[in-house]
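S.K.:
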Amino acid sequence: VVWATGWQPYDASQIDTLGYGKVPNVVTNMMMERLAAGNGPTGGQIQRPSDGKVPETIAFVQCAGSRDENHLAYCSYICCMASLKQATYILEQNPEAKVYIYYIDLRTPGRYEKFLKNIEANENVVMIKGKVANITADPESGDPVVVAEDILAGGLVRQRVDMVVLATGMQPST
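Numbering (my numbering), first residue to last: 217 to 390.
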């Protein structure tokens, strides 16, 4: 017996620290998928929602609300692969773009490990192991500023970017 209930994306506005709905150009992974779709609002051209600018620097925030006792205590499992795929969308449209991926750990099972290795090998992709503490708006430009711990390098990272994509988890439908 297969009981397929479907799912709903986690409501990113419930995560106060990540700026969704408060900081311009912070979008969810579902919104990014629509931006990249040929039948989406921008005809497949990835642009910032606030001004239509093509982003030069993009941050992906993994586990946005997931693996967090205050939100979703579990891992949704597919968010990592979705973000890696979306990073390729950006790099295909703008090979000079800089992509930052903030992660706790990456779930790329089996044959997808090669996909991860190819993305990590791209010199324009920066992988930062650590949890994002908050996202605020830069007072001068209004651009998102990501503050996160960097476990491997030690210390805090403060990075201003053109756009942030929150990899929100999935909730089962009831």
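A virtual CB, placed ideally from N, CA and C, is assigned to each residue, including glycine.
Using a Cβ-Cβ cut-off of 8 Å (strictly less than) and excluding sequence neighbours within five positions of C291, which residues of its own chain qualify?
M.R.: Residue mapping note: residue 291 aligns to position 75 of the sequence shown, counting from 1. Answer for C291: C279, S282, R283, R323, G385, listed in chain order.
S.K.: Is the stretch 258-275 touching the stretch 361-380 in the sense that three or more CB pairs, one from each, lie closer than 8 Å?
M.R.: Judged by Cβ distances under 8 Å, the stretch 361-380 makes contact with the stretch 258-275, as three or more pairs qualify.
S.K.: Are the beta-carbon atoms of Q302 and N245 separated by less than 8 Å?
M.R.: Reading the sequence shown from its first residue, position 86 is the one you call residue 302. Reading the sequence shown from its first residue, position 29 is the one you call residue 245. Yes, they are a contact pair.
S.K.: Can you have a look at P360 and say buried or exposed, based on whether 16 or more other CB atoms are within 10 angstroms of its CB?
M.R.: The sequence position of residue 360 within the sequence shown is 144, counting from 1. Under this definition P360 is a buried residue.
S.K.: Please state if the CB of A228 and the CB of L332 are separated by a distance shorter than 8 Å.
M.R.: One-based indexing of the sequence shown puts residue 332 at position 116. One-based indexing of the sequence shown puts residue 228 at position 12. Cβ distance not < 8 Å, so L332 and A228 don't count as in contact.
S.K.: Just to confirm my understanding: we take P164, look at its own chain, exclude 5 residues before and 5 after, and list those with CB closer than 8 Å. What are they?
M.R.: Since the first residue shown for the chain is 217 and the last is 390, residue 164 is missing from the structure and cannot be characterised.
S.K.: Does Y316 pass the burial test, meaning 16 or more other C-beta atoms within 10 Å, or should it be called exposed?
M.R.: Sequence index remark: in the sequence shown, residue 316 carries index 100 (1-based). Buried is the call here.
S.K.: When the Cα atoms are used, what is the spatial distance from Y236 to P225?
M.R.: Taking the first residue of the sequence shown as position 1, residue 236 is located at position 20. Taking the first residue of the sequence shown as position 1, residue 225 is located at position 9. When rounded, the distance between both Cα atoms is 14 Å.
S.K.: Grab me the residues of G260's own chain with a C-beta within less than 7 Å of its C-beta, minus the 5 sequence neighbours each way, in chain order.
M.R.: Locating residue 260 in the sequence shown gives position 44, where the first residue counts as 1. Around G260: A252, A253, G254.
S.K.: Does the distance from the CB of Q387 to the CB of W223 come in under 8 Å?
M.R.: Within the sequence shown, numbered from 1, the residue matching residue 387 stands at position 171. Within the sequence shown, numbered from 1, the residue matching residue 223 stands at position 7. Yes, Cβ-Cβ distance for Q387 and W223 is below 8 Å.
S.K.: From what residue to what residue does the alpha helix (DSSP H) around C296 run?
M.R.: Counting from one through the sequence shown, the residue named residue 296 turns up at place 80. Its alpha helix (DSSP H) spans residues 295-309.
S.K.: For L332, does the three-state DSSP call read helix, strand or coil?
M.R.: As a first step, residue 332 must be located in the sequence shown, where it is residue number 116. In the structure shown, L332 sits in a helix (DSSP, three-state: H, G or I).
S.K.: Based on Cα-Cα distance, which residue from L234, N340, A337, L368 lies nearest to T352?
M.R.: In the sequence shown, counting from the first residue as 1, residue 352 sits at position 136. The shortest C-alpha separation from T352 is found at L234.
S.K.: Any heavy atom of the ligand SAM closer than 7 Å to the CB of F276?
M.R.: For the ligand SAM, the structure offers nothing, since it holds no ligand at all.
S.K.: With DSSP run on the structure shown, which of helix, strand or coil describes A275?
M.R.: Residue numbering aside, residue 275 sits at position 59 when the sequence shown is read from its first letter. Three-state DSSP puts A275 in a strand.
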